[in-house]
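Residue numbers (my numbering), protein chains in the order written: chain A, 294 to 439; chain B, 963 to 1296. Think of the CB as a built atom: it goes at the ideal place given N, C-alpha and C, for glycine as much as any other residue. Everything below concerns the one structure shown next.
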Ligand SMILES: Nc1ncnc2c1ncn2[C@@H]1O[C@H](COP(=O)(O)OP(=O)(O)O)[C@@H](O)[C@H]1O
Ligand SMILES: [Mg+2]
């Protein structure tokens, strides 16, 4: 599905709809330019899951982790691969070990490298438009109404 | 007493030794094996590769200082915040040294290290103090009480100021690290050419926001795509961005100085190398009649002497050389 969101508030509303569809265990790739609103979208998702603290950019920390209580979802990992340039560096992080049915993982810049390193269940593509953003959400086993 | 400092939390592998006597700290020696060159090829710091590099470099550096190391009285090591694999390289070395030399082990917060850099080789700053920490991963305002305790007053809610510099540099296809490249270009430009936003300028709280500034620069670049190759245009973008980024820091620092009566203003972190920030904080310190401490340029980046310095103030908080663990998050004051 695809939606135009003019404001960050509209992004947040979309994020609320989005998290309702999650079952737990999903890896969500976020694709879009610098400043597209990838981190902002994750912030909206975490707020929708009841997380009240600050959601900072993971560019420098590489990974930020959050605890939530949202149905089956108890943990949220937020990664940013922006600064990686070698496949074995990402492999050395053993991202698979973080996989759990009660956790979801957001990954910004999953395609910094040519190699496919992350097999996302859902892709969120954000395009910058003259006014606001166009957000496209796609996934094999994922249907979003509207 | 002599304190050994070990730092591997991010860019640098560093080893240093400070003498602590009568409340005064003196640098005995400070070694930094810059990973910058390797990372410039990578475009940044990456945890696993950094961990491997830290380990290799650290063993060479320890070897070179082995005669000095046996004379130290305590060992301070950065235990967080940072990338865990990188932190562990330093921590494991420190644990081994502490056990074999039978000397106390002190876990130091990297952020407190940046603050205590302002104690080295100078008259200790008067407390209470306002602390402004600015780097690629941090943008924090804190109060340091007379007893040395920290209270966080505000922090970035999205991107760090140094991160904004790096990302705008990337948008302008300048190299890494972005800070110096932006500042250099900014010198040729007009700071008032573009009105970029100052995050939370009108809000009463002391938090920062830099993602709006990043996006605003992006929109301006897209709008003037045809001018991307024009040097004046690029310089104007850099100058207006730098002005907005530093202004946002100054607005909140001023607010904090109005709210809290302090004797000193202490700065720390990589962004303190920025010339505009140094000039603007000097003006502010004058106006509020507080003692400004800016780290010497060689101490703005990560180093180990600041870790030894911070360790000197935590001699009563010793860590167990068998169980000390890395902390990926460690906010000031916790
Ligand atoms: N739908 C939207 N309309 C307008 N602005 C938006 C929208 N979504 C996000 N933004 C703004 O764009 C910026 C995106 O920044 P960020 O999320 O850090 O980008 P990224 O992580 O993709 O680099 C934020 O300032 C945010 O408020
Ligand atoms: Mg981001």
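Name, in chain order, the residues that DSSP records as bridge partners for residue 296(A).
-> Paired residues: 428(A).
On the DSSP bridge assignment, give the partners of residue 983(B) in chain order.
-> Per DSSP, 986(B).
Using Cβ-Cβ distances below 9 Å, what residues of the region 302–336 of chain A are close to chain B?
-> Going along the region 302–336 of chain A in chain order, one finds 326, 327, 328, 329, 330, 332, 333 and 336 with a Cβ nearer than 9 Å to chain B.
With a cut-off of 8 Å on the beta carbons, I'd call residue 1153(B) and residue 1091(B) a contact; round off their distance for me.
-> Contact doesn't hold; Cβ gap of about 29 Å is too wide.
Report whether the distance from the Cβ of residue 403(A) to the nearest heavy atom of ligand 2 is below 8 Å.
-> Answer for residue 403(A): no, Cβ out of range of ligand 2.
Report the three-state DSSP secondary structure of residue 1281(B) (helix, strand or coil).
-> Annotated three-state conformation of residue 1281(B) is strand, per DSSP.
Could you please tell me which residues of the region 335–359 of chain A, in chain order, have their CB closer than 7 Å to any CB of chain B?
-> Cβ contacts with chain B: 347, 349, 350, 352, 353, 354 and 355.
Measure the beta-carbon distance from residue 1176(B) to residue 327(A) and round it to whole angstroms, keeping in mind my assumption that it falls under 8 Å.
-> Yes, residue 1176(B) and residue 327(A) are in contact; Cβ-Cβ is about 7 Å, under 8 Å.
Which runs of the beta strand (DSSP E), 3 residues or longer, sit entirely within the region 1041–1077 of chain B?
-> Fully enclosed beta strand (DSSP E) runs of 3 or longer: 1067–1071.
Residue 325(A) - DSSP class collapsed to helix/strand/coil | Note: residue 325(A) maps to coil in three-state DSSP.
Residue 1103(B) in three-state terms, based on DSSP = Three-state DSSP puts residue 1103(B) in a strand.
Given a threshold of 16 other Cβ atoms within 10 Å of its Cβ, counted over all protein chains shown, does residue 1096(B) qualify as buried or as exposed?
-> Buried, since its Cβ has 16 or more Cβ neighbours within 10 Å.
Under the three-state DSSP convention, the category residue 415(A) falls into = Under the three-state reduction of DSSP output, residue 415(A) falls in the strand class.
Going by alpha carbons, who is nearest to residue 1029(B) out of 1039(B), 1018(B) and 1063(B)?
-> Comparing Cα-Cα distances from residue 1029(B) to each of 1039(B), 1018(B) and 1063(B), the minimum goes to 1063(B).
Minimum Cβ-Cβ distance from residue 421(A) to chain B less than 9 Å = Output row for residue 421(A): interface = yes.
Only counting runs of 4 or more residues, tell me where the alpha helix (DSSP H) segments fall wholly within the region 1180–1243 of chain B, in order along the chain.
-> List check, alpha helix (DSSP H) in window: 1193–1221.
Reduced DSSP category for residue 1114(B) - H, G, I as helix; E, B as strand; rest coil = It is a strand residue.
Among residues of its own chain, excluding the 5 on either side of residue 275(A), which ones have a beta-carbon nearer than 6 Å to its beta-carbon?
-> This structure cannot settle anything about residue 275(A), because the visible part of chain A is limited to 294 through 439.
Any 3 or more C-beta pairs closer than 8 Å across the region 966–975 of chain B and the region 1037–1054 of chain B = Verdict: yes, contact present.
With DSSP as the reference, label residue 398(A) as helix, strand or coil.
-> In this structure, residue 398(A) counts as strand in the three-state DSSP scheme.
Name the DSSP bridge partner or partners of residue 992(B)?
-> In the DSSP output, where bridge partners are listed per residue, residue 992(B) has 978(B).
Determine the direct distance from the alpha carbon of residue 329(A) to that of residue 340(A), and round the result to whole angstroms.
-> Distance between the alpha carbons of residue 340(A) and residue 329(A): 19 Å.
Could you tell me if the beta carbon of residue 1031(B) falls within a distance shorter than 8 Å of some heavy atom in ligand 1?
-> Flag unset: Cβ of residue 1031(B) not near ligand 1.
Excluding the 5 residues preceding and the 5 following residue 437(A) in the sequence, name in chain order all residues of the same chain whose CB lies nearer than 6 Å to its CB.
-> For residue 437(A), the predicted model reports a pLDDT of 49, less than 50, meaning its position is unreliable; a value from the coordinates is still stated below. Cβ within range, chain order: 294, 314 and 430.
Taking C-beta to C-beta, are residue 1242(B) and residue 1209(B) nearer than 9 Å?
-> Going by C-beta atoms, residue 1242(B) is nearer than 9 Å to residue 1209(B).
Inspect the CB distances between the region 1074–1088 of chain B and the region 985–993 of chain B and report whether three or more fall short of 8 Å.
-> Yes, since at least three Cβ pairs between the region 1074–1088 of chain B and the region 985–993 of chain B fall closer than 8 Å, the two stretches touch.
Where do the N-terminal and C-terminal ends of the beta strand (DSSP E) with residue 964(B) fall, by residue?
-> From DSSP, the beta strand (DSSP E) with residue 964(B) extends over 964–969.
Mind listing which residues of the region 1156–1181 of chain B have their C-beta closer than 9 Å to chain A's C-betas, in chain order?
-> Of all residues in the region 1156–1181 of chain B, 1169, 1172, 1173, 1176, 1177, 1178, 1179, 1180 and 1181 have a Cβ within less than 9 Å of some Cβ in chain A.
Residues of the region 1082–1104 of chain B whose Cβ lies closer than 8 Å to any Cβ of chain A, in chain order | Cβ contacts with chain A: 1098 and 1099.
Euclidean distance between Cα positions of residue 481(A) and residue 308(A) | The structure shown does not extend to residue 481(A), since chain A is modelled only from 294 through 439, so no value can be given for it.
For residue 1118(B), go through chain A and note every residue whose CB falls closer than 9 Å to its CB, in chain order.
-> Identification of chain A residues near residue 1118(B) by a Cβ-Cβ cut-off of 9 Å yields 347, 349 and 350, ordered along the chain.
How big is the Cα-Cα spacing for residue 439(A) and residue 1150(B)?
-> Note on residue 439(A): pLDDT 41, under 50, position unreliable in the model; no value is reported.
Measure from the C-beta of residue 1132(B) to each C-beta in chain A and report whether the shortest distance is under 9 Å.
-> Interface residue, yes.
Starting from residue 1082(B), trace the alpha helix (DSSP H) both ways and give me its first and last residue.
-> Boundaries cannot be given for residue 1082(B), as no alpha helix (DSSP H) includes it and DSSP labels it neither H nor E.
Quick one, which of 1060(B), 978(B) and 1105(B) has its alpha-carbon nearest residue 1296(B)'s?
-> That would be 1105(B), whose Cα lies nearest to the Cα of residue 1296(B).
Report the three-state DSSP secondary structure of residue 1108(B) (helix, strand or coil).
-> Three-state DSSP puts residue 1108(B) in coil, outside helix and strand.
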